[in-house]
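Take the sequence shown: its position 41, counting from 1, is numbered 41 in full-length UniProt numbering, and each next residue is one higher.
Yeah, the Cβ is synthetic: ideal placement off N, Cα and C, and Gly gets one too.
Please read the structure below before turning to the comments.
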Amino acid sequence: MHCFIHQYYLQITEKELNYANFQNIIDLSQINLSNALLKGLSGNVLILNANADLFYQIIMFLDRQENTSIQNISFVVESKKEFKKNLSKHFEVIKASGGLVVNDDKILMIFRRGKWDLPKGKIDEGEKAKIAAIREVAEECNLRTQIQKKLCTTWHHYWMGGRMVIKKTKWYLMSTSNPQEAHPQAEEDIERILWIAPNEIQNLLANSFPSIEFVINQFISQNQTKTS
Numbered sequence: 001m002h003c004f005i006h007q008y009y010l011q012i013t014e015k016e017l018n019y020a021n022f023q024n025i026i027d028l029s030q031i032n033l034s035n036a037l038l039k040g041l042s043g044n045v046l047i048l049n050a051n052a053d054l055f056y057q058i059i060m061f062l063d064r065q066e067n068t069s070i071q072n073i074s075f076v077v078e079s080k081k082e083f084k085k086n087l088s089k090h091f092e093v094i095k096a097s098g099g100l101v102v103n104d105d106k107i108l109m110i111f112r113r114g115k116w117d118l119p120k121g122k123i124d125e126g127e128k129a130k131i132a133a134i135r136e137v138a139e140e141c142n143l144r145t146q147i148q149k150k151l152c153t154t155w156h157h158y159w160m161g162g163r164m165v166i167k168k169t170k171w172y173l174m175s176t177s178n179p180q181e182a183h184p185q186a187e188e189d190i191e192r193i194l195w196i197a198p199n200e201i202q203n204l205l206a207n208s209f210p211s212i213e214f215v216i217n218q219f220i221s222q223n224q225t226k227t228s
């Protein structure tokens with residue numbers, strides 16, 4: 001589970017992790033969670049025995065951005081399935097779907113509301129995630145696409161109506177046979193569409209979102225592994 005709160009990357013896993021990779025290790029079965037504790041952390045942080053209630057407290061702290069010395073936080077939990085299930089106690093979880101479209105080794109990026117982004121949107125009631133991804137790309141970019149495989153799932157937060165929302169987005173690698181027909185959807189505030197090579201994309205990612213950068217880097221990493 002890959003979650004993004006502002007610039008912070010949060011990983012939730014059941015796997016044992018190498019303690020040597022972390023500057024701070026916190027076992028919440030032995031230490032009480034407090035703002036003072038969180039303010040003293042830095043670098044890569046490992047948190048053991050966290051539950052959804054404690055996760056909520058940590059996210060609320062990170063949302064206030066009171067400690068910019070923290071880079072990443074990894075949570076080791078007993079069951080990711082139960083952990084995700086319990087998140088709905090604290091957050092409204094909205095399900096979304098999106099596509100990373102590739103043609104001739106170039107990635108489709110959209111410029112929306114001052115940021116470089118990927119086409120994505122909320123899954124309609126009763127709709128399958130794959131169908132939603134195809135629909136969103138068609139609506140936002142005027143492209144017919146075919147799904148090649150699932151890339152990853154990201155979670156990120158925002159505020160709506162005074163309550164924090166967690167959006168779960170399933171991402172799919174897609175191809176298209178009509179790249180020349182790409183056209184931005186003005187109704188969704190999309191100003192530009194750009195096809196760009198992976199080795200030229202870092203400048204765009206400097207003006208994007210951490211979750212989008214993660215998705216693109218997942219594709220680049222998987223593609224490099226495939227060709228090596």
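Rounded to the nearest angstrom, what separates residue i and residue j at their Cα positions?
| i | j | result |
| --- | --- | --- |
| isoleucine 220 | aspartate 104 | 14 Å |
| leucine 48 | alanine 20 | 15 Å |
| arginine 192 | proline 184 | 6 Å |
| lysine 120 | leucine 17 | 32 Å |
| leucine 28 | histidine 157 | 23 Å |
| isoleucine 123 | glycine 98 | 10 Å |
| valine 93 | isoleucine 166 | 5 Å |
| proline 44 | asparagine 199 | Correcting the residue type first, residue 44 is asparagine in the shown sequence and not proline. If I take the Cα positions, the gap works out to 27 Å. |
| asparagine 207 | leucine 194 | 14 Å |
| asparagine 223 | glutamate 213 | 15 Å |
| isoleucine 201 | isoleucine 59 | 30 Å |
| phenylalanine 91 | alanine 129 | 21 Å |
If we call anything under 9 Å between Cβ atoms a contact, is residue i one with residue j?
| i | j | result |
| --- | --- | --- |
| isoleucine 196 | isoleucine 110 | no |
| valine 215 | leucine 143 | no |
| lysine 84 | glutamate 14 | no |
| asparagine 32 | leucine 46 | no |
| serine 211 | phenylalanine 4 | yes |
| phenylalanine 75 | glutamine 11 | yes |
| aspartate 189 | arginine 113 | yes |
| lysine 168 | alanine 96 | yes |
| glutamine 146 | methionine 174 | yes |
| threonine 154 | histidine 6 | no |
What's the call for residue i, buried or exposed, on a 16-neighbour Cβ count within 10 Å?
| i | result |
| --- | --- |
| threonine 68 | exposed |
| residue 229 | This structure cannot speak to residue 229, because the chain is shown only from 1 to 228. |
| methionine 160 | exposed |
| aspartate 117 | buried |
| residue 248 | Because the chain in this structure spans residues 1 to 228, residue 248 falls outside the shown range and cannot be described. |
| lysine 170 | buried |
| alanine 133 | buried |
| alanine 182 | buried |
Bridge partners for residue i per DSSP, in chain order?
| i | result |
| --- | --- |
| lysine 120 | Gly98 |
| serine 175 | Val102, Gln146 |
| leucine 108 | Trp195 |
(message) What ranges does the alpha helix (DSSP H) occupy inside the stretch 45 to 100, keeping only unbroken runs of at least 4 residues that lie completely in it?
(response) 52 to 63, 80 to 87
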